[in-house]
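Before any comments, here is the structure.
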Amino acid sequence: MIQRVAVLTGGGDAPGLNAVIRAIVKTAVREYGIEVIGFRDGFKGVMENRVTLLTEAEVSGILPRGGTILGTTNRDNPFHYQVAEGKFEDRSDQCIETIKEYADALIVIGGDGSLSIGYDLAQKGLHVVGCPKTIDNDLAVGQAKTFGFDTAYAFATEALDRLHATAESHHRIIVLEVMGRYAGHIALHAGLAGGADVILLPEIPFTYEKIIAKINERLSQNKRFSLVVVAEGAKPLGGEMVVQKVITQSTDPIRLGGIGEVVARELERRTGIESRVTVLGHLQRGGSPTPYDRILATRYGVAAMDLAARGQFGYVVSLDGEHLKPVPLAEVAKGIRKVDVEGELVKAARKIGICLGD
Numbered sequence: 001m002i003q004r005v006a007v008l009t010g011g012g013d014a015p016g017l018n019a020v021i022r023a024i025v026k027t028a029v030r031e032y033g034i035e036v037i038g039f040r041d042g043f044k045g046v047m048e049n050r051v052t053l054l055t056e057a058e059v060s061g062i063l064p065r066g067g068t069i070l071g072t073t074n075r076d077n078p079f080h081y082q083v084a085e086g087k088f089e090d091r092s093d094q095c096i097e098t099i100k101e102y103a104d105a106l107i108v109i110g111g112d113g114s115l116s117i118g119y120d121l122a123q124k125g126l127h128v129v130g131c132p133k134t135i136d137n138d139l140a141v142g143q144a145k146t147f148g149f150d151t152a153y154a155f156a157t158e159a160l161d162r163l164h165a166t167a168e169s170h171h172r173i174i175v176l177e178v179m180g181r182y183a184g185h186i187a188l189h190a191g192l193a194g195g196a197d198v199i200l201l202p203e204i205p206f207t208y209e210k211i212i213a214k215i216n217e218r219l220s221q222n223k224r225f226s227l228v229v230v231a232e233g234a235k236p237l238g239g240e241m242v243v244q245k246v247i248t249q250s251t252d253p254i255r256l257g258g259i260g261e262v263v264a265r266e267l268e269r270r271t272g273i274e275s276r277v278t279v280l281g282h283l284q285r286g287g288s289p290t291p292y293d294r295i296l297a298t299r300y301g302v303a304a305m306d307l308a309a310r311g312q313f314g315y316v317v318s319l320d321g322e323h324l325k326p327v328p329l330a331e332v333a334k335g336i337r338k339v340d341v342e343g344e345l346v347k348a349a350r351k352i353g354i355c356l357g358d
């Protein structure tokens with residue numbers, strides 16, 4: 001039996017993180033009599049030895065709150081730790097020593113970057129349990145649906161509902177750029193739910209000719225406006241993704257963004273129709289989690305604590321259909337899970353007349 005477990009949140013924030021922390025603490029205390037400590041700001045807190053005791057009182061009232069009470073960062077990889085400007089060292093042994101000083105096991109709540117670090121630490125002997133998190137819904141952990149995704153695409157759908165009214169009023173093309181990195185799950189789900197006319201995904205390179213053909217088809221039906229949803233990782237056929245900047249010390253150094261402006265500008269040039277772009281950005285990460293995400297996050301937190309208490313280390317909790325099951329942390333290293341271009345959702349989009357740019 002372990003006596004104390006540590007928890008940290010790493011990578012980008014997502015609605016539902018606090019629900020996971022709450023569930024871990026309540027399960028640990030009530031079910032197993034185990035203490036929980038939290039490292040602040042992800043692995044940065046481990047490297048800087050910043051901890052806090054998480055009691056039931058500390059997690060009271062945080063279920064509906066967005067963000068994470070522990071703070072987070074997508075930098076400070078202990079295997080590639082910045083010790084000076086442009087200088088990096090492997091400080092993983094120091095990381096493991098600090099964690100073992102405070103706890104018998106570590107629960108990592110994070111996306112592919114943080115969970116990959118957790119896997120590497122587990123390979124060096126640390127007791128690690130993973131809990132999948134990302135609004136992008138792209139983790140290659142079985143068929144895991146990640147908490148935060150439902151909230152993110154629900155917000156993007158609401159944005160489309162609002163943009164529909166102004167696009168129709170002004171007879172404009174409005175482009176909505178959403179997050180998702182190299183996977184188009186948010187764009188596809190929001191586009192379907194929000195009645196988009198065009199959805200551009202990283203998985204399907206697009207041509208402007210196909211998009212314009214769809215716009216002209218609508219014009220022939222006296223529909224004088226169009227809504228285009230574009231994932232930040234989308235790219236034209238034979239072209240490249242739009243990179244905003246590169247952060248070398250990050251676990252995910254490439255920062256995408258700007259494709260919405262490129263698409264809007266090009267469509268206006270080619271069609272003569274006034275075009276506007278809206279970039280949702282971090283609005284998709286914030287706010288209170290949906291009821292679905294609160295429940296899923298709670299289930300993940302309980303399941304992660306159960307694994308730790310039973311000594312089942314080296315696993316990440318995963319949603320398989322309606323049931324949770326442990327999946328080896330090694331699954332995270334297999335890459336991301338992209339949209340299935342032959343899947344039901346893509347086929348449904350095509351059948352109802354949505355243009356995917358190809």
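Taken in order, the sequence shown gives residues 1 to 358; the numbers are from UniProt numbering. Glycine included, every Cβ here is placed at the ideal spot set by N, Cα and C.
Distance, Cα to Cα, residue i vs residue j?
i, j, result
"Val46", "Arg276", "44 Å"
"Gly239", "Pro15", "33 Å"
"Gly314", "Gly191", "37 Å"
"Ala234", "Arg265", "15 Å"
"Ala348", "His185", "14 Å"
"Ile254", "Glu232", "12 Å"
"Ile24", "Ala193", "33 Å"
"residue 404", "Phe206", "Since the first residue of the chain shown is 1 and the last is 358, residue 404 is not available in this structure."
"Ile211", "Gln82", "45 Å"
"Leu2", "Glu101", "Checking the sequence shown, residue 2 turns out to be Ile, not Leu. So the two alpha carbons sit approximately 13 Å from each other."
"Phe147", "Thr52", "24 Å"
"Leu319", "Gly357", "32 Å"
"Leu106", "Arg172", "51 Å"
"Ile34", "Leu256", "41 Å"
"Leu126", "Lys214", "54 Å"
Is the beta carbon of residue i sitting closer than 7 Å to the one on residue j?
i, j, result
"residue 436", "Ile62", "Outside the displayed range of the chain (1 to 358) lies residue 436, so it cannot be described from this structure."
"Glu168", "Phe88", "no"
"Ser114", "Gly11", "yes"
"Val263", "Val230", "yes"
"Ala122", "Lys334", "no"
"Gly38", "Val59", "no"
"Gly71", "Asp41", "yes"
"Gly260", "Val175", "yes"
"Asp120", "Phe79", "yes"
"Leu324", "Ala303", "yes"
"Leu17", "Thr55", "no"
Of all the options the options, which has the alpha carbon lying nearest to the alpha carbon of residue i?
i, options, result
"Glu177", "Gly125, Leu201, Ala193, Tyr315", "Leu201"
"Met305", "Gly10, Gly11, Val20, Thr9", "Val20"
"Pro326", "Thr271, Cys131, Gly180", "Cys131"
"residue 359", "Glu232, Gly233, Val198", "Because the chain here runs from 1 to 358, residue 359 falls outside it and cannot be looked at."
"Arg181", "Gly239, Arg350, Val339", "Val339"
"Gly118", "Val302, Glu203, Asp76, Ala309", "Asp76"
"Asn74", "Lys351, Leu319, Val246", "Val246"
"residue 361", "Glu203, Arg65, Lys26, Val128", "Since the first residue shown for the chain is 1 and the last is 358, residue 361 is missing from the structure and cannot be characterised."
"Lys133", "Ala122, Gly125, Gly111, Ala140", "Gly111"
"Arg269", "Arg65, Thr298, Arg310, Glu209", "Glu209"
"His189", "Leu237, Ile215, Asp136, Lys223", "Asp136"
"Lys124", "Asp93, Phe43, Val108", "Asp93"
"Gly281", "Val332, Gly311, Ala187", "Ala187"
"Gly321", "Lys145, Ala159, Val332, Gly257", "Lys145"
"Thr271", "Asp138, Tyr300, Leu219", "Leu219"
"Val316", "Glu158, Val108, His164, Met179", "Val108"
Starting from residue i, follow its DSSP beta bridges and name the residues at the other end.
i, result
"Tyr81", "Glu89"
"Lys245", "Arg255"
"Leu356", "Answer is none; Leu356 lacks a bridge partner."
"Tyr315", "Val129, Pro328"
"Ile107", "Val7, Val129"
"Pro236", "Phe206"
Can you find a C-beta in chain C that's less than 7 Å from the C-beta of residue i?
i, result
"Gly42", "Within the model displayed, chain C is absent; a lone protein chain is all it includes."
inquiry  = Between the region 151 to 162 and the region 289 to 297, can you find at least three pairs of beta-carbon atoms closer than 8 Å?
reply    = yes
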